[in-house]
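Protein chains in written order, with my numbering: chain R, 298 to 607; chain Z, 14 to 403; chain C, 622 to 927.
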């Protein structure tokens, strides 16, 4: 039980990294992209090739994976500048599928028995989950602080300006193309590192894993947590992974049919969206700058709603 | 605010159920049952194979329990969904091995998850018997990893020799899907067939889940191939047969054990006539296979098992016998006993394990007459020539 | 030695494949045109339509082998399945999308993904994971014309998709309800002020879109079989087709579907690359088309006003 919960935390960490990347593209700059599975795939393969084929260290593969994904993100970012909204979404989805298709055609089995990550002679094995949790969540924290700084910087405000109104941003002297490509590249890079950790944990790379459903799930995490809110995005990643593996965690999966747990998953998605369309930690437009302190908020949430409010 | 409250409540309930279940956890590995785990895709595109295999394993366990269990102890099966992905398979593995404390695992069903799980099984020292992961690398992971399905190389060797020596084809074409199973067989047959002196005039590919094969068939029709080898799963094979008919092609088709699924006759109907396929061998004068198929069909609303389900059924019996001989749920003892399996008489004939955990068995060849497969005999390749065993 | 006749055959195969995509893309385009959101559950409604059609058809058919009754039963099954899917589509809209109409644009997308999970897994639970064959209601012996092979069900598919496209175009452009739809798609709140019942229009759009999905599902079932996840990839391809043509545009959906089908069919032999990369060709073509025409081939290029 505890062991399985640790596994969920590891998976949540890996997906939280992806969601942070997706948030940079979708939440900050407002571009609807659906190819995080592709970046994930490239990161995983980069790690697989560097650690297995070239026999180099995991720590070397980490920046390389990020760079490879960033390069692809850049290549995708440049031509898709012309596209807006759902057209961009479908073009990126196509790119994600192309990446998976090519990976499958190169070798449908993928890679296996990839050496583990090592630090000063200590091996991050999948049996010892605590250290792996520390490893992954350290990087989630680093990414969180970096991207929080970014969001609060001039660059971040420029990105938000692009999201809110491209034309207005441009007329205020913001180089829209630069920020769009930049956020694509950054988002891709962090997606690549997520792939790196996934490989280090499962020690296998399977091209069949990187379907467009992965991209969709990552987007779900961002929307569910609250777009543009980094804490929310990480929470979203945790919640989605938690719901996904909840039946296995509590042993329900051996009692109810496998499809039923997937149906519950779907139901929870629908209900959560209907309850909080702006995401769990999303901005409440009408309560912008809530004067209440955190304590008051918590107290209020347990208070019965007054007639006036309802 | 009410919504927030509701969310908090949901979270609390979730947490409570986690802890509530924590108490009952220890009973799952209680001493009067042996728990066996199963990992396979129970939802998604390939759920068919996972569900059939888990059904077959469950059937075997029910039969054993009905016959009194093992030394009075009952067997229990916990089937976990791998979602068809590596992540999912690892999660299922973790749940089975650490939460449920199973004494051995049947599965995973497909090669890529099997490779990931095999690695863990080897490290954790727990027996894993895959009913359908055919890739040559699966058993090379190490000890504790077995399979009741012939490896690609074994099947493709028999197939290529049979096509060349017995059927007399000198020029064939392959149409295979880009997955470990199909590609392994197709490239294996290509290699050996060419070595024997034949020509493979087209190696056409498709993706798993493709529905339209007319382009590939068109390309093949333009070559001098005398026959088409289609080592795919049932659904793809059925599509290929029907679309070849629609395009007016009348080349004979050759296939692999993916074809030995009775489902094909529902899906492809009469188009299966004349197909020759290599599948599991049958023990002469044994009704085990027929008995199994009948029992399976009775237990699961007339659904018929495919060859992978038959493998899962055999795997479960092999495991049960090993547990019986080991006399305990000790994972190491079970491994020794599975390794010591000698001439196991299962639905797929006599099964032994090689030192690396691969299945040693001869291969059967079948020819479909109308919609009925006719057994042509079982074959082995000895000294570079095909020999009929019985 | 690929001859001209061979290429014509690929082209023909592509057209019939594309007709299926086109038919499904019509439904996608309808819903998108009004609500501007990607209905991920559309593919799964298609699957429900195929199952409904299959069950009703086999039930009506019973033991009968009468050729005329088979045809009649097939059309009854198709109509009932359309009706069923229309109701289902309206129901889903009411429950899962309507509460989110004023939320941010991605919220209904997520809700749709949830619905898609529920439908496809529900079907797998109820009907099992194996594929089923949809029996042909007529003699499906292939016809050979000048060395080209085609089957009656393929001809039917092409015909139905063309008819559907024409009917829809007429409906949207000539009828009162169609006018209301166009108004709603331009501006919901203004149309409401003009006395258009927007809820009704949206419900109707979902009903029509889902009924089209049912037809698409049944016709696709001849070629693709009926199984629980049949909607996922087919739906995705159809969506791509709708985007290529210019989403929201009815003729565009048809054009996009045919183009996608032809590309898939003819692309691999034409460029001499492995057939397993056919999806890569299709998606690459999609991206190239979008880069040249960012709003799809027949899409209106809307300049952003400042």
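Even glycine gets a Cβ: it sits at the ideal position worked out from N, Cα and C. Predicted model only: the values in this text are computed from it and were never measured.
Going along chain Z, which residues have a C-beta under 9 Å from residue i?
| i | result |
| --- | --- |
| residue 722 of chain C | What residue 722 of chain C touches in chain Z: nothing, since even the nearest Cβ is about 18 Å away. |
Return the first residue and the last residue of the alpha helix (DSSP H) that residue i is part of.
| i | result |
| --- | --- |
| residue 99 of chain Z | 99-107 |
| residue 544 of chain R | 527-546 |
| residue 177 of chain Z | Careful: residue 177 of chain Z lies outside any alpha helix (DSSP H) and carries neither H nor E. |
| residue 268 of chain Z | Residue 268 of chain Z -> not in any alpha helix (DSSP H); beta strand (DSSP E) instead, spanning 266-268. |
| residue 804 of chain C | 797-807 |
Do you know how far the Cα of residue j is from the Cα of residue i?
| i | j | result |
| --- | --- | --- |
| residue 784 of chain C | residue 758 of chain C | 20 Å |
| residue 425 of chain R | residue 466 of chain R | 49 Å |
| residue 912 of chain C | residue 379 of chain R | 7 Å |
| residue 34 of chain Z | residue 546 of chain R | Annotation note: pLDDT 45 at residue 34 of chain Z (below 50); position unreliable, coordinate value reported separately. Those two C-alpha atoms are separated by around 9 Å. |
| residue 688 of chain C | residue 809 of chain C | 49 Å |
| residue 540 of chain R | residue 643 of chain C | 36 Å |
| residue 409 of chain R | residue 839 of chain C | 41 Å |
| residue 717 of chain C | residue 374 of chain Z | 55 Å |
| residue 905 of chain C | residue 915 of chain C | 14 Å |
| residue 637 of chain C | residue 837 of chain C | 12 Å |
| residue 552 of chain R | residue 322 of chain Z | 21 Å |
| residue 663 of chain C | residue 421 of chain R | 44 Å |
| residue 583 of chain R | residue 527 of chain R | Note that residue 583 of chain R scores 43 on pLDDT, short of 50, meaning its location in the model is unreliable and no value can be drawn from it. |
| residue 340 of chain R | residue 506 of chain R | 13 Å |
| residue 130 of chain Z | residue 103 of chain Z | 6 Å |
| residue 301 of chain R | residue 128 of chain Z | 21 Å |
| residue 94 of chain Z | residue 112 of chain Z | 15 Å |
| residue 198 of chain Z | residue 331 of chain R | 35 Å |
Would residue i pass as a contact of residue j if the rule is Cβ separation under 7 Å?
| i | j | result |
| --- | --- | --- |
| residue 889 of chain C | residue 877 of chain C | no |
| residue 292 of chain Z | residue 770 of chain C | no |
| residue 559 of chain R | residue 98 of chain Z | no |
| residue 522 of chain R | residue 318 of chain R | no |
| residue 228 of chain Z | residue 631 of chain C | yes |
| residue 384 of chain Z | residue 285 of chain Z | yes |
| residue 243 of chain Z | residue 266 of chain Z | yes |
Go to residue i, then tell me how far its beta strand (DSSP E) extends in each direction, as first and last residue.
| i | result |
| --- | --- |
| residue 141 of chain Z | 140-143 |
| residue 769 of chain C | 769-771 |
| residue 89 of chain Z | 87-94 |
| residue 364 of chain Z | 362-366 |
Just to make sure I have the definition right: I need the residues of chain R whose C-beta is within less than 8 Å of the C-beta of residue i. Which are they?
| i | result |
| --- | --- |
| residue 860 of chain C | 387 |
| residue 738 of chain C | 559, 560, 562, 563, 566 |
| residue 80 of chain Z | Those within 8 Å of residue 80 of chain Z in chain R number zero; the least Cβ separation is about 23 Å. |
For residue i, which residues in chain R fall below 7 Å Cβ to Cβ?
| i | result |
| --- | --- |
| residue 897 of chain C | 402 |
| residue 904 of chain C | 391, 394, 395 |
| residue 191 of chain Z | 401, 402, 405 |
| residue 808 of chain C | Those within 7 Å of residue 808 of chain C in chain R number zero; the least Cβ separation is about 17 Å. |
Candidates the options: which alpha carbon is nearest residue i's?
| i | options | result |
| --- | --- | --- |
| residue 347 of chain Z | Z/355, Z/337, Z/356 | Z/337 |
| residue 301 of chain Z | Z/358, Z/247, Z/293, Z/66 | Z/358 |
| residue 826 of chain C | C/806, C/776, C/898 | C/806 |
| residue 183 of chain Z | Z/339, Z/293, Z/224, Z/215 | Z/215 |
| residue 450 of chain R | R/489, R/476, R/496, R/468 | R/476 |
| residue 851 of chain C | Z/63, Z/251, Z/222 | Z/222 |
| residue 274 of chain Z | Z/240, Z/61, Z/367 | Z/61 |
| residue 324 of chain R | R/312, R/524, R/369 | R/524 |
| residue 680 of chain C | C/665, C/790, C/667, C/698 | C/698 |
| residue 83 of chain Z | Z/172, Z/384, Z/340 | Z/340 |
| residue 310 of chain R | R/363, R/534, R/365, R/561 | R/534 |
| residue 538 of chain R | R/375, R/459, R/519 | R/519 |
I want to verify the contact list: residues of chain Z whose CB lies under 8 Å from the CB of residue i, in sequence order.
| i | result |
| --- | --- |
| residue 915 of chain C | Within chain Z, no residue comes near residue 915 of chain C; the closest Cβ sits about 29 Å away, beyond 8 Å. |
| residue 248 of chain R | Lying before the first or after the last residue shown, residue 248 of chain R is absent from chain R, which here runs from 298 to 607. |
Could you tell me which chain Z residues have their CB closer than 7 Å to the CB of residue i, listed as they occur along the chain?
| i | result |
| --- | --- |
| residue 854 of chain C | 222 |
| residue 407 of chain R | 125 |
Taking residue i as the query, report the chain R residues whose CB atoms sit under 9 Å from its CB, ordered along the chain.
| i | result |
| --- | --- |
| residue 725 of chain C | 520, 524, 574, 575, 576, 579 |
| residue 136 of chain Z | 422, 423, 424 |
I want to verify the contact list: residues of chain C whose CB lies under 9 Å from the CB of residue i, in sequence order.
| i | result |
| --- | --- |
| residue 460 of chain R | Neighbours of residue 460 of chain R on chain C: none; closest Cβ ~12 Å, over 9 Å. |
Using a cut-off of 7 Å between C-beta atoms, extract the partners of residue i located in chain C.
| i | result |
| --- | --- |
| residue 280 of chain Z | 752, 754, 846 |
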